[in-house]
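Protein chains in written order, with my numbering: chain W, 14 to 299; chain F, 14 to 299; chain U, 14 to 299; chain A, 14 to 299; chain E, 14 to 299; chain Z, 14 to 299. Don't be surprised by glycine CBs; every beta carbon is placed ideally from N, CA and C.
Number of protein chains: 6
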Amino acid sequence: MQEYIEKAKVLVEALPYIKEFSGKIVVIKYGGSAMVDERIKASVIQDIVLMKLVGLKPVIVHGGGKEISAMLSKIGKESLFVNGLRVTDLETAEVAEMVLSGKVNKDIVQLIQNHDLDAVGISGKDAKTLKVSKKEIDGYDVGYVGDIDKVNTGLIETLLNHDFIPVIAPVGTDDQGDTYNINADYAASAIAGALSAEKLIFLTDVEGILRDVKDSASLISRIPVQDVPKLIDEDIISGGMIPKAECCAWGIKQGVKRVHILDGRLEHSVLLEVFTKKGIGTMFLS
Amino acid sequence: MQEYIEKAKVLVEALPYIKEFSGKIVVIKYGGSAMVDERIKASVIQDIVLMKLVGLKPVIVHGGGKEISAMLSKIGKESLFVNGLRVTDLETAEVAEMVLSGKVNKDIVQLIQNHDLDAVGISGKDAKTLKVSKKEIDGYDVGYVGDIDKVNTGLIETLLNHDFIPVIAPVGTDDQGDTYNINADYAASAIAGALSAEKLIFLTDVEGILRDVKDSASLISRIPVQDVPKLIDEDIISGGMIPKAECCAWGIKQGVKRVHILDGRLEHSVLLEVFTKKGIGTMFLS
Amino acid sequence: MQEYIEKAKVLVEALPYIKEFSGKIVVIKYGGSAMVDERIKASVIQDIVLMKLVGLKPVIVHGGGKEISAMLSKIGKESLFVNGLRVTDLETAEVAEMVLSGKVNKDIVQLIQNHDLDAVGISGKDAKTLKVSKKEIDGYDVGYVGDIDKVNTGLIETLLNHDFIPVIAPVGTDDQGDTYNINADYAASAIAGALSAEKLIFLTDVEGILRDVKDSASLISRIPVQDVPKLIDEDIISGGMIPKAECCAWGIKQGVKRVHILDGRLEHSVLLEVFTKKGIGTMFLS
Amino acid sequence: MQEYIEKAKVLVEALPYIKEFSGKIVVIKYGGSAMVDERIKASVIQDIVLMKLVGLKPVIVHGGGKEISAMLSKIGKESLFVNGLRVTDLETAEVAEMVLSGKVNKDIVQLIQNHDLDAVGISGKDAKTLKVSKKEIDGYDVGYVGDIDKVNTGLIETLLNHDFIPVIAPVGTDDQGDTYNINADYAASAIAGALSAEKLIFLTDVEGILRDVKDSASLISRIPVQDVPKLIDEDIISGGMIPKAECCAWGIKQGVKRVHILDGRLEHSVLLEVFTKKGIGTMFLS
Amino acid sequence: MQEYIEKAKVLVEALPYIKEFSGKIVVIKYGGSAMVDERIKASVIQDIVLMKLVGLKPVIVHGGGKEISAMLSKIGKESLFVNGLRVTDLETAEVAEMVLSGKVNKDIVQLIQNHDLDAVGISGKDAKTLKVSKKEIDGYDVGYVGDIDKVNTGLIETLLNHDFIPVIAPVGTDDQGDTYNINADYAASAIAGALSAEKLIFLTDVEGILRDVKDSASLISRIPVQDVPKLIDEDIISGGMIPKAECCAWGIKQGVKRVHILDGRLEHSVLLEVFTKKGIGTMFLS
Amino acid sequence: MQEYIEKAKVLVEALPYIKEFSGKIVVIKYGGSAMVDERIKASVIQDIVLMKLVGLKPVIVHGGGKEISAMLSKIGKESLFVNGLRVTDLETAEVAEMVLSGKVNKDIVQLIQNHDLDAVGISGKDAKTLKVSKKEIDGYDVGYVGDIDKVNTGLIETLLNHDFIPVIAPVGTDDQGDTYNINADYAASAIAGALSAEKLIFLTDVEGILRDVKDSASLISRIPVQDVPKLIDEDIISGGMIPKAECCAWGIKQGVKRVHILDGRLEHSVLLEVFTKKGIGTMFLS
């Protein structure tokens with residue numbers, strides 16, 4: 014009997030969120046640990062499937078750095094990074110595209126389809142979804158790494174309107190038709206912005222932004238984007254979290270309503286964030 | 014943390030049902046205790062609202078026997094029953110219509126609307142939704158009590174297609190334009206059948222059909238309709254439960270997929286039946 | 014032969030009006046004598062049916078003061094009026110709603126349906142059609158009598174688009190979900206305004222506005238709304254006709270094109286007003 | 014006052030017919046006296062306009078024998094008839110087409126348009142509306158006179174769906190692209206049949222079929238098509254009325270619901286037939 | 014083999030033009046020699062058919078001066094011209110309309126239909142496509158010759174949307190319903206402008222505008238409309254070419270994108286102009 | 014001048030084919046030399062673009078055997094073939110999918126997009142387009158090589174309806190979600206059949222089926238599919254051409270109207286086949 018009461022309580026709590034988000038687009042940046050641990054992987058996919066079933070429109074943007082490095086090493090080519098960016102010569106760009114569009118992308122498609130929904134894996138090259146130009150960085154040349162000039166949302170919207178779940182590899186082309194690798198966090202922000210997404214969710218390997226990195230209880234639940242520079246100054250946002258947080262802030266500026274940093278290591282973190290009152294992780298908003 | 018895990022489990026369990034019933038019509042016969050106890054009333058309404066929010070199409074058919082008797086006594090007229098049917102002279106028919114269509118019906122509409130969804134209260138008279146003829150009973154005349162000849166579903170479907178929740182009072186008209194009272198269980202079965210509803214739910218004051226009426230553990234979860242006569246013979250279905258069970262069986266024959274007898278005294282019983290694996294109460298099926 | 018010529022003449026005269034009003038909304042405030050005399054009742058209903066058949070979109074808003082008083086007296090409660098407004102305590106409000114929505118409303122629905130068209134009886138409560146707040150009057154409290162804050166036309170428009178004739182009881186709700194009685198003339202004006210109706214027709218017990226109340230020949234055919242105050246000053250509009258005339262003027266300001274005061278005692282007065290060159294009664298216009 | 018009552022009576026009488034024929038196609042064969050007398054011409058056109066305004070879909074098929082003869086005589090060519098059919102050599106066919114499609118047709122279009130509705134004049138040649146083959150008659154050759162093989166209704170239906178009134182000249186083409194003259198009565202029957210018209214109306218110079226040609230009171234109001242041969246045998250249908258009556262019977266067989274022979278000399282005969290209880294003229298039905 | 018290469022080259026060259034003009038409206042003014050020589054006639058019609066087949070929307074506006082003169086002489090009436098305009102009394106206007114709408118128009122319809130596409134011949138009178146008023150010329154009266162006040166494009170667009178090829182006779186009506194003859198070049202410009210046509214093509218008896226009328230090589234390929242007055246001043250555009258060139262310039266001002274003067278004597282001139290890189294004739298542009 | 018005449022002739026010849034194939038689906042199996050030689054590659058892509066531009070619906074199915082072998086060798090894995098089928102262990106299947114879906118597929122997408130049309134690269138895995146089961150071959154096991162059980166055309170049709178050009182990699186999944194390699198000729202036949210394609214074109218390295226392999230003049234232009242077994246018996250179809258010819262015959266049986274074997278080494282061979290009277294290569298038909 015108590016079990017019935019508990020179950021009913023959870024369902025009743027989820028109610029206003031299902032209503033609020035019905036028909037809304039949620040972009041999930043899927044990468045890191047959440048893409049490696051099999052149990053977590055299963056729970057992320059299940060969350061995406063659930064969101065779709067109750068009427069939301071999930072869009073997946075994935076990374077694949079580890080898989081690219083593994084394939085490069087398989088063909089005897091070393092991975093070189095400058096300031097966190099992979100130096101991408103023509104051969105690296107080709108391998109990266111192949112691994113992202115032909116392997117990681119299709120694996121995610123398949124995992125979703127095992128739940129009997131239809132997914133479609135595309136890259137930013139298809140239907141010129143991601144138009145880029147060469148990333149300009151002072152002092153050195155990272156090669157075929159792209160800055161996004163325009164997101165053509167026609168194909169993504171067609172897929173959403175026909176009830177397919179789009180899975181997108183962060184690859185784009187410039188005006189000359191050359192192929193570029195794109196940072197996946199950044200691609201997710203640009204796509205979410207162009208789609209005026211309700212939510213953009215980053216699955217990461219941390220619990221969120223913590224005031225004291227050693228104390229889970231110090232999690233900051235909501236960060237207005239104008240506070241990001243101050244939090245960086247105060248060293249609360251630091252290291253690898255800086256570009257991630259800047260990406261969150263940029264997403265809000267592009268028109269996304271809420272951007273979330275979730276702990277991808279927690280099972281069903283997406284579900285809990287979207288459908289429970291308290292939510293989890295850190296939310297950026299304007 | 015354990016709380017998160019439990020919440021996620023309930024949501025994940027509800028998943029296949031939300032998918033299965035999306036866009037499906039569920040007719041709820043609302044009456045008895047569930048319409049009297051304020052706490053239960055609130056939970057039934059909340060369940061209807063939740064179903065609507067996650068994509069089902071609820072249709073309410075209500076009774077109102079107690080309210081009719083109360084109003085009749087207020088104007089100094091006694092209620093007379095023969096074999097469980099109210100003897101309905103012209104004045105009684107008028108009062109019954111007024112109470113059902115003008116009071117009970119609009120109260121339910123208002124309760125739903127307090128949750129910010131739009132409900133529309135109609136009677137079977139509107140758009141000739143329920144076409145009836147006088148009920149013929151051997152040996153006596155119960156007056157303006159109707160047998161349903163035809164359910165015109167046009168208005169109900171228009172309301173469903175425009176996202177209104179229809180609330181229906183069991184009143185109908187015959188070919189001469191005379192007004193008849195209709196048994197609400199029977200009206201709900203006819204409407205559910207005409208709409209090819211996925212589910213028809215009777216909210217009652219019992220837990221369901223029990224093999225041993227003193228032992229909750231003896232609940233029969235599923236009854237194929239062809240077993241109903243045998244269960245009556247064996248006295249397992251008896252007394253006032255006989256017409257109710259026959260109504261369930263008739264609903265299945267009219268094209269409803271599943272008919273349920275639920276305990277309307279249990280909070281969120283509709284929700285628990287529809288969205289949990291084990292379900293509750295007794296289910297009739299073909 | 015002469016008969017043929019006369020018939021043809023009438024049809025030919027009606028021609029430009031059928032053209033002009035095709036697809037236009039005409040709101041009829043139905044009340045008073047026109048709702049009591051059986052012969053007149055039949056002719057009003059027939060006029061509504063004819064308008065619908067030739068392509069206009071009639072909307073009925075009805076009163077029911079006499080029926081409310083009758084029911085109140087039946088349950089031993091006296092009707093109390095202050096400045097023409099019924100003092101409406103909670104019990105009175107409940108009875109009023111019940112009589113209006115459950116009796117008068119459904120009777121009109123049935124009368125229309127006897128002509129084989131589909132009508133749908135709603136109250137301002139359904140789909141929150143009439144949102145009200147408590148009427149504030151200096152010096153005394155008339156209870157649950159509402160001022161209209163907003164007309165939500167969604168349900169009425171859905172019904173019109175699906176070829177149903179809406180019949181509306183003047184009952185509304187406030188933000189707390191409480192039920193209020195509304196003056197029917199005023200409700201008709203608000204609804205006609207919100208629908209940008211072509212015409213709003215008041216069926217009354219007078220021929221129209223007469224310069225000399227004892228002389229039919231002194232009927233004023235057209236009154237520009239800006240002249241209303243002057244006509245009141247001159248005592249040409251006086252007594253119970255003052256609020257009616259103010260309601261007409263208010264309707265024009267809300268966006269209705271023409272507002273008419275017709276003699277509801279004359280058979281087919283609506284038809285004659287709408288489809289003949291000379292028209293009848295008094296027309297208010299901007 | 015009496016005038017009001019009479020007017021209302023006519024409007025009320027017309028009511029069921031406006032309902033019954035709304036959206037239905039009525040084909041009018043327009044020719045003979047009705048096309049010559051200016052007063053009658055005006056009344057026929059007005060009737061067509063009224064039908065259109067109240068929701069029917071009129072289609073005009075016209076003749077033009079007199080105009081063709083006049084033009085032929087103007088260019089010094091004699092008209093030759095064999096068994097009522099104009100012997101049509103190539104030059105005659107050209108003149109006939111020119112007069113029908115370029116003069117009579119456009120004149121009717123203009124008359125309708127003077128009432129502010131849009132008409133479109135086409136011939137059976139446009140969009141291959143009338144596909145014909147040479148009429149085979151035993152014993153002699155009447156030249157370019159066509160038998161209809163197929164009515165392509167695409168263009169007519171497009172025009173009707175876009176609220177244009179089609180006016181059709183009885184000219185067609187064969188498979189070789191040659192142009193043929195077609196008997197207008199026969200063309201009207203074929204077109205009405207292909208459109209499954211509700212009514213086909215022949216405007217003639219007689220009151221209808223009379224048992225005694227000298228006695229108007231002997232008019233036969235309804236003739237089931239199977240009685241036509243008997244009426245011919247009995248000489249009640251005789252002379253020029255025989256092909257006309259056969260055309261009526263053939264129309265019914267092609268799928269027209271009612272075919273009427275009206276007195277085109279009576280003003281507003283079409284209106285009186287369509288919108289009054291008694292109707293006028295003779296009606297053929299199956 | 015060489016043949017294959019040549020064929021492929023032509024098809025490949027046509028590619029960007031088929032793309033560029035797909036779904037665009039091309040108005041062809043058809044008259045003069047191109048309407049007389051049978052071989053040329055066949056090639057013009059074939060070009061129109063091809064354009065339609067590959068997705069353009071051709072609209073034909075035709076003249077017919079020679080045919081009108083021939084018919085007038087046949088009925089013994091002389092043709093009188095003042096400053097290149099036919100003096101058009103009532104009888105002449107009637108004959109002109111009859112010849113244009115009933116003969117030339119339907120002949121073109123038939124020629125197109127011999128290629129299995131559906132054409133529809135209308136005049137500017139149908140659906141009030143061309144609303145005109147009497148042409149005012151200083152010093153003399155040319156009778157029923159019209160200046161275009163308004164092009165109602167509803168009928169033409171309906172026909173285009175339903176895949177019919179419109180063929181238009183240059184006849185119009187004024188507000189009184191009187192019929193006027195219209196200069197065909199001028200009608201074509203007005204129609205093309207009202208339709209925002211991509212191209213307006215005049216088929217003429219010259220190669221285009223030549224600097225030296227005796228030297229084909231002196232053809233001017235492109236003329237910005239602002240240069241037209243200067244070219245007239247320089248006598249490069251002279252004689253009958255002046256009104257034609259002014260019509261071209263006026264078309265551009267009405268909103269046509271490109272206006273062309275082609276040599277109607279050259280087979281497939283329209284095709285070559287539209288689908289080859291170099292084009293032919295003289296093009297006017299803004 | 015002669016050049017104009019020749020150009021016009023080619024365009025006029027192409028006319029009936031553009032008409033015939035408008036809106037029809039043409040599946041092109043793209044592989045072999047046509048995918049290697051840059052000049053040929055450019056011409057094939059241009060042909061596909063032209064077909065799309067003039068209203069056909071091209072669908073590309075590509076192979077990639079050479080690219081797979083090259084990548085396998087790059088990671089130090091040898092390619093093993095049994096009876097022309099690549100023995101496909103799990104690692105090979107992964108590399109094959111990656112090369113086909115992530116490299117060859119996206120390269121073709123890009124080549125098309127360089128012409129400013131939108132292409133979308135998918136694999137048979139996306140939206141479960143190709144459902145397969147393990148190919149059963151007597152006597153040995155070739156691993157992850159699939160037989161097609163079902164083609165789900167939903168995604169392809171969505172892309173075609175939104176004007177995208179689908180480019181499909183021959184990879185599929187079985188019921189367990191395992192990934193299989195599919196012979197591209199066979200995948201093309203299955204897809205063309207499921208789409209009821211008008212044409213299926215195989216771009217090969219031969220001119221077609223020759224009676225005498227050394228004599229181009231002995232090309233067989235049309236082969237009814239029932240003749241294929243006889244031609245194999247007579248050794249006219251032999252060696253590697255046998256499975257190709259059987260694939261052609263199977264395509265016809267699946268519902269494709271015409272299947273073509275073209276010489277992919279000839280520039281614009283697709284264009285010449287589709288848009289010229291004589292066609293090229295060998296056509297299979299029922």
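Same chain, Cβ closer than 6 Å to residue i, neighbours up to 5 away in sequence not counted
| i | result |
| --- | --- |
| residue 31 of chain E | 67 |
| residue 172 of chain W | 133, 179 |
| residue 57 of chain F | 47 |
Length of the line joining the Cα atoms of residue i and residue j
| i | j | result |
| --- | --- | --- |
| residue 101 of chain F | residue 267 of chain U | 46 Å |
| residue 74 of chain E | residue 126 of chain A | 22 Å |
| residue 115 of chain W | residue 139 of chain Z | 11 Å |
| residue 294 of chain Z | residue 277 of chain Z | 10 Å |
| residue 103 of chain Z | residue 50 of chain W | 21 Å |
| residue 123 of chain U | residue 181 of chain U | 13 Å |
Distance CB(residue i)-CB(residue j) smaller than 8 Å
| i | j | result |
| --- | --- | --- |
| residue 113 of chain A | residue 136 of chain A | yes |
| residue 141 of chain F | residue 186 of chain F | yes |
| residue 39 of chain E | residue 204 of chain E | no |
| residue 98 of chain E | residue 158 of chain E | yes |
| residue 283 of chain U | residue 60 of chain U | yes |
| residue 207 of chain W | residue 164 of chain W | yes |
| residue 37 of chain W | residue 65 of chain W | no |
| residue 34 of chain A | residue 24 of chain U | no |
Proximal residues to residue i (C-beta, below 8 Å), its chain only, five neighbours per side dropped
| i | result |
| --- | --- |
| residue 245 of chain E | 251, 255, 258 |
| residue 88 of chain A | 108 |
Rounded distance between the beta-carbons of residue j and residue i, thought under 8 Å
| i | j | result |
| --- | --- | --- |
| residue 177 of chain E | residue 131 of chain E | 5 Å |
| residue 72 of chain F | residue 169 of chain F | 7 Å |
Point to revise | Complete beta strand (DSSP E) runs within the region 207-267 of chain A (minimum length 3 residues, chain order) | key: Runs of the beta strand (DSSP E) inside the region 207-267 of chain A: 212-217, 235-237.
Check your understanding: What are the uninterrupted segments assigned as alpha helix (DSSP H) that are 4 or more residues long and contained completely in the region 14-70 of chain U, given in chain order?
Key -> Complete alpha helix (DSSP H) runs here, min 4: 15-34, 51-66.
Check your understanding: Residue ranges of each beta strand (DSSP E) run of no fewer than 3 residues wholly in the region 105-140 of chain E, ordered along the chain?
Key -> The qualifying runs are 132-136.
Practice item. Return the chain-ordered ranges of every alpha helix (DSSP H) run that is complete within the region 170-200 of chain Z and spans a minimum of 4 residues. Key: Segments of the alpha helix (DSSP H) lying fully in the region 170-200 of chain Z: there are none.
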